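Down below is the structure, laid out as structure tokens.
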Amino acid sequence: MNFNRKKKNKKTGKSEKDTVPESKRYFKRLRSGLSKTRKILTTDIDELFAGKNKIDDDLLEELEELLITSDMGVDTTMEFIESISKTASKINDADSLKTALKNEVLSFLNAEAPEPKEMTAKPHIIMVVGVNGTGKTTTIGKLAAKYTAAGKKVLIAASDTFRAAAIEQLSIWAERANADIVSHRDGSDPAAVAYDAIEASSARGTDIVLVDTAGRLHTKVNLMEELKKIKRSISKKIPDAPHEILLVLDATTGQNALSQANIFDKELGVTGLVLTKLDGTARGGMVVSIYNKFKIPLRYIGVGESIEDLQDFDPKEFVNALF
């Protein structure tokens, strides 16, 4: 697994981290991660306008297909097409179409973006949920690293006791992130692990507790019921906790991720989303689709394997990287 390997400048001998401002490194990683989606929204739009100097019905139909291919979603795509058709007289080349589309996407994301709540509780409890394969365990590790780098004392609760590798992976991440971890043996009661972690965090003066959870069970117990049990065990110790419930979604699964979001939110009350693996898909438009479908803040996006590749979601930066 590639974590923080630094690239050195041949002339100066210094790493990129030493010579390039964080904001520029952030944008470079984001732009690189969204390259497949950007091809659809830039190169393919250039091809749409080849030999044309105005928008017609055929071009709008092809644009509609492109947007749906990038997983913007049918409803969102139709809204964009309707808006662009109203200003069609001002659009006479590919660049003006891309500018119009960029403005539409940015306006849409800014209008829908709710502000995340500040962390006021101590310990601040974050329950992380999602099906297996979404990158949930890795996301927890990266979050732990981000928080400890910001000076926070972090504890990880290894409550996914049904997947043998989960506890081992989290232990490695905890060591690398300089975070504490509370775990029981494989097959233990996940709710008991969460409860013990909350109890330990209070005694240790922990700032943030990240609670891992199962994404699939090897028993007949319903997954959602098990997750609700963990949530209740946390609330027994701290009545208003968990303070956040983050749902991790895999961008490469497309519309299936939206179905997962619907189910998890209905059963648990999701407060924030993490969208991973955007670098492995041409479906970056899913970010826009999620905003249209749910009124849940998109907190983080993943565009690579390193710690820095889990980024706070910024609508403006995202749109600039997309076009």
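Everything in the sequence shown is counted per my numbering, starting at 7 for the first residue and increasing by one. Backbone N, C-alpha and C define an ideal beta-carbon position, used for all residues, glycine too. Only a predicted model underlies this, so the values are computations on that prediction, with no experimental measurement involved.
Buried versus exposed, by CB contacts within 10 Å (16 or more), residue i
i: P248; result: buried
i: K283; result: buried
i: R44; result: buried
i: Q266; result: buried
i: S372; result: The shown model of the chain, from 7 to 329, leaves out residue 372, and the question about it has no answer.
i: A155; result: exposed
i: E110; result: buried
i: G310; result: buried
i: A171; result: exposed
i: T105; result: exposed
For residue i, the nearest candidate out of the options (CA to CA)
i: M78; options: K299, A164, T277; result: K299
i: G290; options: M125, A263, H190; result: A263
i: N138; options: T93, R44, R210, V254; result: V254
i: P303; options: L281, S265, A155; result: L281
i: V293; options: S76, M230, F86, D192; result: S76
i: L66; options: M84, K301, T167; result: M84
i: K92; options: D62, L115, T82; result: D62
i: E68; options: K45, D50, L149; result: D50
i: V276; options: L328, A155, L233, G57; result: L233
i: D101; options: T48, S177, V80, I74; result: T48
i: F55; options: L103, D81, L328, K30; result: L103
i: F114; options: D81, I178, S312; result: D81
8 Å CB neighbourhood of residue i in its chain, flanking five on each side removed
i: I236; result: M133, S165, P196, A197, A200, V217, T219
i: K226; result: Because K226 sits at a pLDDT of 45, beneath the cut-off of 50, its placement in the model cannot be relied upon, and the point is left open.
i: R222; result: V137, N138, F168, R169, L229
i: L112; result: P321, K322, V325
i: N98; result: N59, K60
7 Å Cβ shell around residue i - same chain, five flanking residues per side excluded
i: F319; result: L304, R305, Y306, I307
i: I131; result: I204, V215, V217, I240, I244, A247, P248, H249
i: L73; result: T83, F86, G291
Test item: CB-CB of residue i and residue j under 8 Å
i: A151; j: A183; result: yes
i: I296; j: L316; result: no
i: P129; j: D186; result: no
i: L229; j: I251; result: no
i: I381; j: L107; result: Outside the shown range of the chain (7 to 329) lies residue 381, about which nothing can therefore be said.
i: E314; j: R37; result: no
i: A206; j: L149; result: no
6 Å Cβ shell around residue i - same chain, five flanking residues per side excluded
i: A257; result: L281, K283, L284, T287, R289, M292
Sequence ranges, alpha helix (DSSP H) only - wholly within the stretch 137-225, length at least 4 | 142-155, 170-183, 196-210
Where are the beta strand (DSSP E) runs, 3 residues long or more, that stay fully inside the stretch 258-322, in chain order?
-> 278-282, 304-308, 316-318
For the stretch 37-104, list the alpha helix (DSSP H) runs that are entirely contained and at least 4 residues long, ordered along the chain.
-> 41-47, 49-54, 63-75, 80-92
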